[in-house]
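As numbered in numbering that gives the first Met the number 0, residues 0 to 248 make up the sequence shown, in order.
Virtual Cβ for every residue (Gly too), placed ideally from N, Cα, C.
Given the structure is predicted, the values throughout are model-derived calculations rather than measurements.
Written below as structure tokens is the structure these notes are about.
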Amino acid sequence: MNPGELQGRVSFVTGASRGIGRGIALALSARGSDLVLGGRKRDDLEQVAAECETQGVRCRAIPMDLVDASSIAAWASEALKAFGRVDHLVNNAGITIDGLLLRMKREDWDRVLTVNLTGAFETTRAVLPAMVRARYGRIVNISSVVGLMGNPGQANYCAAKAGLLGFTKSLAREVASRSITVNAVAPGFIDTEMTQALQEEARDRMSGLIPLGRLGTPADVAAGVAFLLSPGAAYITGEVLNISGGLYM
Ligand code: NAD
């Protein structure tokens, strides 16, 4: 890690109240980036903001709900007003509502697509004009290896995560001429509340499939995100970085 390499930058991170989003916020603050944290729960966001501020960066916790486009627009506008700029957007927030397709309800399909895919579209739409004006920006979308591999019981989630990859590559081509890069990170099986909800047996079965022999941590994913935001990644765009301990290769 190169402390200070993101100094002077402002990073917007969604779903920053816990899990991978919290890990990303901590990793970016450790590298000197100021932060805007988005998510539904103000108290949890403020707790993460306080942790990040111990690194000497400025941090704002601004609640938002990805199912509500007007709340996303208000979040981005308040954040832009607070810092006057946005250098990085990390579309991290996501949900799962699992079930076999034959039993999947339309509302569960819609909600997963709305939060994981349409939410990223809305946040990106809200901040992109500022990046285009500045002729600088880095966008990282948190997808999943199951968006590449598929997974039974997750047709809605896999469709959303695969959709994010198409979104990433198309947008990368659209905005490259403005020095804006757009990449995706595809985590494997990461130890967070999302996966802690699974049965112990399913977790053990999954770990057995990972060549590196363990679940990933939020810090493992955050290190990849921080790299894509770093000066060293300036010539990388439209890429998908798998962080899965070899689960997908
Ligand atoms: P998590 O459930 O621990 O955290 C999800 C975050 O998203 C929370 O902060 C939550 O408040 C926020 N969020 C959910 N719905 C929201 C909404 N409507 N509006 C605003 N914020 C909302 O999950 P995690 O494991 O930290 O996952 C983070 C991202 O990584 C997700 O996109 C997830 O799909 C992806 N991912 C996770 C894993 C894994 O194994 N944990 C693997 C691959 C990809």
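Range of the contiguous alpha helix (DSSP H) that encloses residue i
{"i": "Ala233", "result": "Premise fails: Ala233 is in no alpha helix (DSSP H) and is neither H nor E."}
{"i": "Leu116", "result": "Here Leu116 belongs to no alpha helix (DSSP H), and DSSP marks it neither H nor E."}
{"i": "Asp288", "result": "Residue 288 lies beyond the residue range present for the chain, which begins at 0 and ends at 248; the question has no answer from this structure."}
{"i": "Asp42", "result": "Arg41 to Glu52"}
{"i": "Thr191", "result": "Neither: Thr191 is in no alpha helix (DSSP H) and is coded neither H nor E."}
Distance between residue j and residue i (C-alpha atoms, nearest Å)
{"i": "Leu25", "j": "Thr180", "result": "22 Å"}
{"i": "Cys58", "j": "Ala159", "result": "30 Å"}
{"i": "Tyr234", "j": "Ala218", "result": "24 Å"}
{"i": "Pro210", "j": "Phe226", "result": "23 Å"}
{"i": "Gly55", "j": "Ala154", "result": "42 Å"}
{"i": "Asp42", "j": "Met63", "result": "13 Å"}
{"i": "Arg202", "j": "Thr194", "result": "8 Å"}
{"i": "Pro230", "j": "Asp86", "result": "12 Å"}
{"i": "Gly14", "j": "Val35", "result": "11 Å"}
{"i": "Ala48", "j": "Ser10", "result": "13 Å"}
7 Å CB neighbourhood of residue i in its chain, flanking five on each side removed
{"i": "Val114", "result": "Leu65, Val66, Ala92, Gly93 and Ile94"}
{"i": "Ala119", "result": "Asn90, Asn140, Leu163 and Phe166"}
Proximity test, residue i beta-carbon vs ligand 1 heavy atom, cut-off 6 Å
{"i": "Gly18", "result": "yes"}
{"i": "Met193", "result": "yes"}
{"i": "Leu34", "result": "no"}
{"i": "Asn241", "result": "no"}
{"i": "Asn150", "result": "no"}
{"i": "Phe120", "result": "no"}
{"i": "Ala221", "result": "no"}
8 Å CB neighbourhood of residue i in its chain, flanking five on each side removed
{"i": "Ala183", "result": "Val139, Asn140, Ile141, Ser142, Leu163, Leu164, Thr167, Glu238, Val239 and Leu240"}
{"i": "Glu121", "result": "Leu65, Ala68, Ile71 and Ala72"}
For residue i, the residue or residues it bridges with in DSSP
{"i": "Arg137", "result": "His87 and Thr180"}
Element boundaries [beta strand (DSSP E), containing residue i]
{"i": "Ile61", "result": "Cys58 to Pro62"}
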